[in-house]
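*Asks:*
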Ligand SMILES: NC(=O)c1ccc[n+]([C@@H]2O[C@H](COP(=O)([O-])OP(=O)(O)OC[C@H]3O[C@@H](n4cnc5c(N)ncnc54)[C@H](O)[C@@H]3O)[C@@H](O)[C@H]2O)c1
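In the working numbering, the protein residues as written are 365 to 671.
1) If you compare alpha carbons, which of 645, 492, 641 and 401 is closest to residue 542?
2) In chain order, which beta strand (DSSP E) runs of at least 3 residues are fully inside the stretch 371–454?
3) Ignore the nearest five residues each way along the sequence and tell me which others in residue 655's own chain have a CB closer than 7 Å to its CB.
4) Would you mind giving the Cβ-Cβ distance between residue 545 and residue 401, rounded to the nearest angstrom? I have them listed as a contact below 8 Å.
5) Spatial neighbours of residue 558 within its chain, please: CB distance less than 8 Å, with the 5 preceding and 5 following residues excluded, ordered by chain position.
6) Return the chain-ordered ranges of every alpha helix (DSSP H) run that is complete within the stretch 552–634 and spans a minimum of 4 residues.
7) Quick check on residue 369: does DSSP put it in helix, strand or coil?
8) Under 8 Å, do residue 426 and residue 389 count as touching if we go by C-beta distance?
9) What are the complete beta strand (DSSP E) segments, minimum 3 residues, inside the stretch 460–522?
10) Taking all protein chains shown into account, decide if residue 501 is buried (16 or more other Cβ within 10 angstroms of its Cβ) or exposed.
11) Cβ-heavy atom distance between residue 495 and ligand 1 below 7 Å?
12) What whole-angstrom Cβ distance do residue 465 and residue 483 have, given they're in contact under 8 Å?
13) Along the alpha helix (DSSP H) that carries residue 530, what are the first and last residues, could you check?
14) So, at 6 Å on beta carbons, what are the nonlocal neighbours of residue 434 in its own chain, with the 5 sequence-adjacent residues on each side left out?
15) Would you list the residues sitting across from residue 652 in a DSSP beta bridge?
16) Quick one: is residue 366 buried, meaning 16 or more other Cβ sit within 10 Å of its Cβ, or exposed?
17) In angstroms with no decimal places, state the Cα-to-Cα distance between residue 668 and residue 653.
Set out below in C-alpha cells:
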C-alpha cells in the first residue's frame, strides 16, 4: 500500500520501492567505498569497472578497509566475510541487468558519464533506478542521456564513503517522487544523513569547498605560502581537520579541476577560474593520493610537499 503526504514544495510523497541489488559503475575511490557500505548494509552489489585491472584491487581495498573496522570492534569477522562475499565484480555493463538501482561513480567527465548511460540503459530492467555520484555535473543534463529521466537523480556521497556521514540528494527536472523517496530511504538505510540540493553546478558542498581549495592553490601559485605553510595555517588557524592542499590530494586533482571547470562554465563568473597551477599538476599526471603524487609526494614513508 502507498501512503501519500505533501512535502513543503507541495509534492506528494510516495512509498519507497524495495531495493535488494545495487550496481556500482566505477571501482575507483568512490565506487569501492559505495560498494563497501552497501554490502555491509545487506545489499547484493555488482561492482563494474571498464578497466579490468581495477577490480581485484578494489576488492582487496574493501577487504583491507573492513578489516580495520573488525580491528576497531565495529563489525565482526563473520560480518566482513559475508559482506565481501556479496560484492560481485564485473567488467561490462551487461552484468548490471538485474540490479534495482545502478549508481554511477566513474570519472568526473560528462562525456564518459553520458556514454555509460547510453550503453547501460538497454541492459537494465524497465523499473530500475539510476543515480549518479557526480560531484558537479548537471543532473538534468545527465538524465537526458538515459531512457528514464524520471527514474534518475543525484546521490552524492562524500569521501571516504564509509566514514563520512553526509550524502547530498539532487533531483533533476524530471525526477519523480517514487525515485526520490526510494533513494532517500536507501541513503538512510546506509546510515547516512541527507541534505537536499537543487540542481546547480557542484550542488552545495562542492560549490563552497572547491573555490576554497582553488584559492589555496592560487595562494601557492602566487608564492604567498608553501604547501606546508598553507595547510598548517588552515588546520590550526581555521580549525579544519585537513589542510586544503592535503584535501585536494585526497579528492583527486583531476576531480577538483573538473569541478572548477563545471563551476566556471556553469556560473560564468571569473571567480571560479581554475588556478593554472592546478591545471599543471593534472597535466603532469600528479593527481594526488591515487597517483601517489600531488601537492605531496606519497611514495615514501611520510608525505613530502612537492613545493
Ligand atoms: N574523490 C572524491 O572525493 C569524490 C567525492 C564525491 C564524489 N566523487 C565523484 O565520484 C566519481 C568517481 O570519483 P573517484 O574519486 O572514485 O575517481 P577515481 O579516478 O578514483 O575512479 C574512477 C573510476 O571510474 C572508472 N571508469 C572510467 N571510465 C569508465 C567507464 N566508461 N565505465 C566504467 N568505469 C569507468 C575508472 O577506471 C576508475 O576506476 C566522480 O564523478 C567524482 O566526481 C568524488
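All residues carry an ideal CB built from backbone N, CA and C; glycine is no exception. What you are looking at is a predicted structure, and each value in this text was computed from that prediction instead of being measured.
*Replies:* Inspection of the coordinates gives the following:
1) Counting from one through the chain shown, the residue named residue 542 turns up at place 178. Nearest option by C-alpha distance: 492.
2) 385–389, 408–412 and 451–454
3) Working through the chain shown from its first residue, we reach residue 655 at position 291. Hits under 7 Å: 649.
4) Start at 1 with the first residue of the chain shown, and residue 545 comes out as number 181. Start at 1 with the first residue of the chain shown, and residue 401 comes out as number 37. Incorrect: roughly 20 Å between the Cβ atoms, too far for contact.
5) Sequence index remark: in the chain shown, residue 558 carries index 194 (1-based). For residue 558, where only same-chain residues beyond five positions count, the Cβ hits under 8 Å are 530, 531, 532, 533, 548, 551 and 552.
6) 569–585, 591–601, 608–615 and 617–631
7) Against the chain shown, residue 369 aligns to sequence position 5. Confidence in residue 369 is poor, its pLDDT being 47 and thus under 50, which makes the residue's placement unreliable; the coordinate value appears in the next sentence. Of the three classes helix, strand and coil, the one that applies to residue 369 here is strand, per DSSP.
8) Locating residue 426 in the chain shown gives position 62, where the first residue counts as 1. Locating residue 389 in the chain shown gives position 25, where the first residue counts as 1. Result no, Cβ atoms of residue 426 and residue 389 do not sit closer than 8 Å.
9) 465–468, 493–496 and 516–521
10) Residue mapping note: residue 501 aligns to position 137 of the chain shown, counting from 1. Buried is the call here.
11) In the chain shown, the residue the question calls residue 495 occupies position 131. Answer for residue 495: no, Cβ out of range of ligand 1.
12) Position 101 of the chain shown, counted from the start, is the residue given in the question as residue 465. Position 119 of the chain shown, counted from the start, is the residue given in the question as residue 483. Rounded, the Cβ-Cβ distance is 17 Å, inconsistent with contact.
13) Within the chain shown, numbered from 1, the residue matching residue 530 stands at position 166. Careful: residue 530 lies outside any alpha helix (DSSP H), inside the beta strand (DSSP E) at 530–535.
14) On the chain shown, position 70 is the one that residue 434 refers to. Once the five neighbours on either side are set aside, the close Cβ partners of residue 434 are 441 and 444.
15) Mapped onto the chain shown, residue 652 falls at position 288. DSSP output for residue 652 lists 657 as bridge partner(s).
16) As a working note, residue 366 is residue 2 in the chain shown. For residue 366, the pLDDT reaches just 41, beneath the cut-off of 50, and the residue's location in the model is therefore unreliable, although a value from the coordinates is still provided. Residue 366 should be labelled exposed.
17) As a first step, residue 668 must be located in the chain shown, where it is residue number 304. As a first step, residue 653 must be located in the chain shown, where it is residue number 289. About 12 Å.
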